[in-house]
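When you line the sequence shown up against our numbering, it's residues 211 to 475, in that order. Using N, Cα and C, we set each Cβ at its ideal position, and we do this for glycine too. Here the structure is laid out as structure tokens; the discussion comes afterwards.
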Amino acid sequence: MAAPAVILADTTTGNPDVSQALQTIKELLQRRRPDLPIALAELGTRPTLDEALDSLAEAGVHEAVFVPLDLRSATAYAPEFDVAVEEAKSRGIMSLVSRPIGPATELLNILDELVREALHARSALELDGLVLVARAGGDARGSALLSRRARQWSAHHRLPVQLAVEEGDGSATAAAVAALRAQGRRFVAVGGTFLAPGPAYRAHALAAQKAGAIAITKPIGGSPHLSQLILARYAFGAMELLDGHPQPVVVDADYHFLSARKRRG
Numbered sequence: 211m212a213a214p215a216v217i218l219a220d221t222t223t224g225n226p227d228v229s230q231a232l233q234t235i236k237e238l239l240q241r242r243r244p245d246l247p248i249a250l251a252e253l254g255t256r257p258t259l260d261e262a263l264d265s266l267a268e269a270g271v272h273e274a275v276f277v278p279l280d281l282r283s284a285t286a287y288a289p290e291f292d293v294a295v296e297e298a299k300s301r302g303i304m305s306l307v308s309r310p311i312g313p314a315t316e317l318l319n320i321l322d323e324l325v326r327e328a329l330h331a332r333s334a335l336e337l338d339g340l341v342l343v344a345r346a347g348g349d350a351r352g353s354a355l356l357s358r359r360a361r362q363w364s365a366h367h368r369l370p371v372q373l374a375v376e377e378g379d380g381s382a383t384a385a386a387v388a389a390l391r392a393q394g395r396r397f398v399a400v401g402g403t404f405l406a407p408g409p410a411y412r413a414h415a416l417a418a419q420k421a422g423a424i425a426i427t428k429p430i431g432g433s434p435h436l437s438q439l440i441l442a443r444y445a446f447g448a449m450e451l452l453d454g455h456p457q458p459v460v461v462d463a464d465y466h467f468l469s470a471r472k473r474r475g
């Protein structure tokens, strides 16, 4: 039986920066798993869904798993996904929606790597505070997990971590950096769970810079480690499509996440 296709999906509306970032995610995933049919759909722009489904149907795909590229919600997904599942069915493709990426623990490992890159780019040697930034709009479980991630990040690095939930204007990021600086923290790095360098990311990055942060992470969409997390979500969804005959679904030959990093001096 051929493996179900992966449909990477987000509820974006065709912003060029976001579209390019999503395309990068798809390409990184395709390099890791060239054997899997992979499509990309921006559900806020209907033609991209039609194109994705048409291409899979033409390739003889009969099953697919929609993976929501949502870093905020742990279990819930937007209504557009239910519409997408029905559209897939109309083309002879049985599909379901996996759990969103959500505020998974593994994102902290990705942020650690990006923080190190940002510090290196600024030739910064000291760090005495962190800000964890996420977009607003997640479900209740996602919000609870996000607070837990902030505590875990703080415990791991033995540094104070301020959580900022952004509405898109950068004000929450600025307030979080200011709060740490008011505590006497002068070397603050900001780690944001943004997939793409869209308007919300740019507003947050500018606000962090103006507030005095010494380092600001890039969007995580370019991280090759994100593809491992996507494949984990896909694997569980693919098993559900096996119609009562569970079989192991290979996530990746070297499936692992970055190990915890030791705190710097």
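In the DSSP assignment, methionine 449 forms no beta bridge with any residue.
For aspartate 220 and alanine 249, the gap between their C-alpha atoms comes out near 12 Å. Inter-residue distance for valine 341 and valine 325 is about 11 Å (C-alpha atoms, whole angstroms).
Rounded to whole angstroms, the gap between the alpha carbons of glycine 380 and valine 387 is 11 Å. Per DSSP, the unbroken beta strand (DSSP E) holding valine 343 starts and ends at 339 to 345. Boundaries of the beta strand (DSSP E) harbouring glutamate 376: 371 to 376, taken from the DSSP string. The residue from Arg368, Ala421, Arg359 with its alpha-carbon nearest to that of alanine 389 is Ala421. Every unbroken stretch of the beta strand (DSSP E) spanning 3 or more residues and falling wholly within the region 388 to 447 is given here in chain order: 398 to 402.
Annotated three-state conformation of alanine 213 is coil, per DSSP.
DSSP, reduced to helix, strand and coil, places alanine 249 within a strand of the structure shown.
The C-beta distance from leucine 259 to alanine 251 rounds to 4 Å, short enough to fall under 8 Å.
A distance of 8 Å or more separates the beta carbons of leucine 369 and glycine 347. If you draw a 10 Å sphere on the C-beta of glutamate 377, you find fewer than 16 other C-beta atoms in it, and that means exposed. Looking from the CA of phenylalanine 446, the closest CA among Arg256, Val398, Phe276 belongs to Phe276. With contacts defined by Cβ atoms closer than 8 Å, phenylalanine 404 and proline 434 do not form a contacting pair. The three-state secondary structure of serine 283, taken from DSSP, is coil. In this structure, threonine 255 and threonine 234 do not form a Cβ contact; the two beta carbons are roughly 18 Å apart against a cut-off of 8 Å. The residue among Arg361, Glu450, Arg241 with its C-alpha nearest the C-alpha of leucine 318 is Arg361. Looking only at Arg443, Leu441, Thr427, Ser437, the smallest Cα-Cα distance to alanine 331 is reached by Thr427.
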